[in-house]
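Chains A and B are the protein sequences, given in the same order. Per the numbering used here, the first sequence runs over residues 1 to 489. Per the numbering used here, the second sequence runs over residues 1 to 319. Idealized CB from N, CA, C, for every residue including glycine. Model, not experiment: these values are computed from the prediction. For reference, the structure is listed below as structure tokens.
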Amino acid sequence: MTSPESRTDLFHDYSLGIAYDEMFEAPGQPRPHYRALYRRLQSLSPEEFRRRKTMTELSMLQDGVGFTVYRQEEGIERVWPMDPVPRIIPAREWKHIEAGLVQRLTALNLFLKDIYHDQLILRDRIIDPALIYQGTFFRREFMGATVPRDIYVHVCGTDLIRNDAGEYLVLEDNCRTPSGVSYMLQNRQVLKRVFPQLFEQYDVRVTDDYTAALLDVLKYIAPGGRSDPTIVLLSPGIYNSAYFEHTFLAQRMGIELVEGRDLVIDQNRVYMRTTRGLEPVDVIYRRIDDDFLDPLTFRPDSTLGVPGLVNAYRAGQVALANSIGTGIADDKGIYPFVPDMIRYYLKQDAILPNVETFRPLVPSHRSHVLANLDKLVVKTVNESGGYGMLIGPASTARQREEFRDYVQNRPRDFIAQPVIQLSVHPTFVDGDRLEGRHLDLRPFILCGEKITIVPGALTRVALPRGSLVVNSSQGGGSKDTWVLANGDE
Amino acid sequence: MLSRVADALFWMSRYLERAEHIARLLDVCFHLEMDLRGVLAGLPELNWTSLAAILQQQPVPPHRFEGASPQAALSAWLTFDLQNPESIMSCVSRARYNARSIRGSINSEMWKELNKLYWQLCDPAFSNQARESPHEFYWAVECGSHLVQGVCDATLTHEEGWQFIQLGKFLERAGKTLRILDIQYQLLQELIDPGDRPLANLQWAAVLRSCRAYEAYQKLYVGRIEPEHVVDFLLLHAESPRSVRFSLESAAQALMAIEGASGGRGHSKAVRLLGQVLSDLKFAELEQILKGDLHQFLSGVMDRCNQVSRAIQAQYSLQ
């Protein structure tokens, strides 16, 4: 091995801050599971690393991995940057995450069944009924409907973060149409192609099985247990920012990618228009929000959906994944109650804790929030993508006044949380060195016959120095995420 | 197969084939221009005019390329201009746009090659080559098209979707070859003076090159290039993949396969129309055609190809 002192190495400017560092326990001292990677990185010159980084970008551009910001037919296409330094999760940490998520999703599905049927959790006053009824994504149209196998959330992307002690916390669940899994899969493919050496000395668990596992779930929910069901992926179309993912998943699963205009309903049965006429469809993996799914039930102005689809679903003639009305489970106003749900339905304590959350509806919380706007993060309960958010320490007096107004007048629509210094990870910056950047972790949970979590996740990283916002729309990037097979070395 | 997907596959393939033809025609034009300069002043311009006629191009909008020579303006207009729906760039963009909307129905290798071609065209360093060494540039475009088609043939299952790709490709190829023959034959008919023979030879070679059929022709016919042989080879030859007959035969095979898969009874209008025009070519007598009005014959074939296209669109609701 070459001596790292003999040239400028990638870590020449690396310093530890107050946040938990994924790689280092002390300056120059990597955690056991990062040692081999650290040695490998030390042996690389910045030029060499830059070359590989360029290769990852080219590879992604050519594969057409990207999200799109469309203005005209030929809009702007951006590749979501992948940082080539992988994030490593040791086996024992993954076991903990897995157990926590299985528990959480079990409870969330029980909660959704309860809320759309008997509402015992409301009767027992664990959750205030008003919170549910005022929730934007509670679908009263869907009360009493039976869904296949009583599963509401089939695919969930739960965002985890680590606090300064390295403890994993749940930041939010995405129970509607979570995206990002294609990046989890694609990042691995690209990294293997451009940086195979990094994988030496590691037993990284494979993620490739995800699409097969998803297909199993979709088959499992086929109406009336139909064997060999026809499954399709319903996409809003080419202008959707996650369109790449839709095509990627459809292709990997070998199912048809359809748009609303390809489907037609006749006597509560769903058909697709083909060159041979109409063909029946049994299961729809939909990547369209509730609001746009069916103009007869939801937004009448939507042209993306299929008129009559909700009725066909209620009649049990077609299965939808995810089900309708799951948004009430990832409403941030409901989020603080997930540990209570786990206790209520499963008689267990939550394995993965929530982030401490203040609800302005509670008078004592409200006064705390109003007095500490400059220290807290205030979030809208139904926004995602890093929008509608106040980060107290980085805010201006005007922004704080704006949010003070919101919190006072629309307490149901906001929550507040302390600023968490998300954990940091060495990330290639300015084309010549590694520096710590904040990141989160989104594993994907599949709920079918059993709950499956493919050992891997999407790691999103905030690329600007000090930034805590990891969303792709806000200058975030991603990393390949390695779950180790055994041992913690 | 979804009708929308069939439509996108058909047009993806057609636009790609079209881009390839435009690239080849431009490449040939640049070459010919250099050769003709020594022969006769004014000829190179004529050469570009016939290119515009083959591609059915309106004149380049005035002031679009301020200060450029008419040739440079035309080549830029045909190569990069997104305002021109028939430019290489427009065709490749539309091929890619169609492919993008059905990425699940082609495979990732095919998408990747098409996508590479698109990004290559967007790269300023590459587009500079169009001016500095046109041949390299246009050949790269042609290769890009061949790569996509090659990957398609070698890796995509030859079922309905693949047949729609074939259909689009061969209808487009037949159309372009007909146009090239039609325009050039009218133009070159006048070169009958023995003194014009070197020039005629050059021009006819260019026609064959425009269809990438020069070498194949040479293997078949030794010596000077004879117009009748060119017409025979490009119009009626049964085995040359560049001939109109071969293209329409391949299109008919694809259409029959699609129809079989669709479980239709009897033949559809599209199959019947295509079969009729095809049998006219199969049983045609070259002498008869040449004695009569070739232009009329060729435009007749072209019109019927267009009818076939419309019938296909109506039948599979491809718009």
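| Asked | Found |
| --- | --- |
| Close Cβ partners of residue 73 of chain B (< 6 Å) along its chain, the five nearest in sequence each way excluded | 60, 65 |
| Minimum Cβ-Cβ distance from residue 165 of chain B to chain A less than 9 Å | no |
| Status (buried if at least 16 other CB within 10 Å, exposed otherwise) for residue 152 of chain A | buried |
| C-beta contact flag for residue 213 of chain B and residue 269 of chain B at 9 Å | no |
| Cβ contact check for the stretch 114-129 of chain A and the stretch 86-95 of chain A: 3 or more pairs under 8 Å | no |
| Where the alpha helix (DSSP H) through residue 251 of chain A begins and ends | 243-253 |
| Endpoints, beta strand (DSSP E) assigned at residue 82 of chain A | 82-89 |
| Residue interval of the alpha helix (DSSP H) (run including residue 152 of chain B) | 134-155 |
| Buried versus exposed, by CB contacts within 10 Å (16 or more), residue 297 of chain A | buried |
| Of the listed residues A/269, A/18, A/314, nearest to residue 165 of chain A (C-alpha basis) | A/18 |
| Residue 286 of chain A - DSSP class collapsed to helix/strand/coil | strand |
| 6 Å CB neighbourhood of residue 91 of chain B in its chain, flanking five on each side removed | 15, 18, 19 |
| Beta-carbon gap between residue 293 of chain A and residue 309 of chain A smaller than 9 Å | yes |
| Helix, strand or coil at residue 348 of chain A according to DSSP, with G and I counted as helix | coil |
| CB contact below 9 Å: residue 233 of chain A versus chain B | yes |
| CB contact below 9 Å: residue 155 of chain A versus chain B | no |
| Buried versus exposed call for residue 283 of chain B [16 or more other C-beta atoms within 10 Å across all chains shown] | exposed |
| Identity of the residues DSSP links to residue 172 of chain A by a beta bridge | A/159 |
| Residue 260 of chain A at chain B interface by Cβ criterion, 9 Å | no |
| Whether residue 463 of chain A touches residue 481 of chain A by CB criterion (9 Å) | no |
| Runs of beta strand (DSSP E) wholly within the stretch 178-258 of chain A (minimum 3 residues, chain order) | 231-234, 256-258 |
| is_contact[residue 317 of chain A, chain B] using C-beta, thresh 9 Å | no |
| Contacting residues, own chain, Cβ-Cβ under 7 Å from residue 220 of chain A (five flanking each side not counted) | 149, 448, 449 |
| Close Cβ partners of residue 252 of chain B (< 8 Å) along its chain, the five nearest in sequence each way excluded | 271, 274, 275, 278 |
| Residue 119 of chain B beta carbon less than 9 Å from that of residue 62 of chain A | yes |
| Residues that residue 103 of chain B contacts on chain A, provided the C-beta gap is smaller than 7 Å | 247, 251 |
| Close beta carbons around residue 101 of chain B, own chain, < 7 Å, minus the five adjacent residues each side | 8 |
| Runs of alpha helix (DSSP H) lying entirely within the stretch 43-87 of chain B, each at least 4 residues, in chain order | 43-54, 70-79 |
| Counted within 10 angstroms of its Cβ, other Cβ atoms place residue 186 of chain A as buried (16 or more) or exposed | buried |
| Classification of residue 259 of chain A by the beta-carbon crowding that lies within 10 angstroms, buried from 16 upward | buried |
| Contact list for residue 238 of chain A against chain B, beta-carbon separation under 7 Å | 100, 101 |
| Contact between the stretch 356-369 of chain A and the stretch 392-411 of chain A (3+ Cβ pairs under 8 Å) | yes |
| Residue 228 of chain B, DSSP secondary structure in three states | helix |
| 8 Å Cβ cut-off: residues of chain B touching residue 64 of chain A | 100, 103, 111, 112, 115 |
| CB contact below 9 Å: residue 1 of chain B versus chain A | yes |
| Distance, residue 484 of chain A Cα to residue 209 of chain B Cα | 58 Å |
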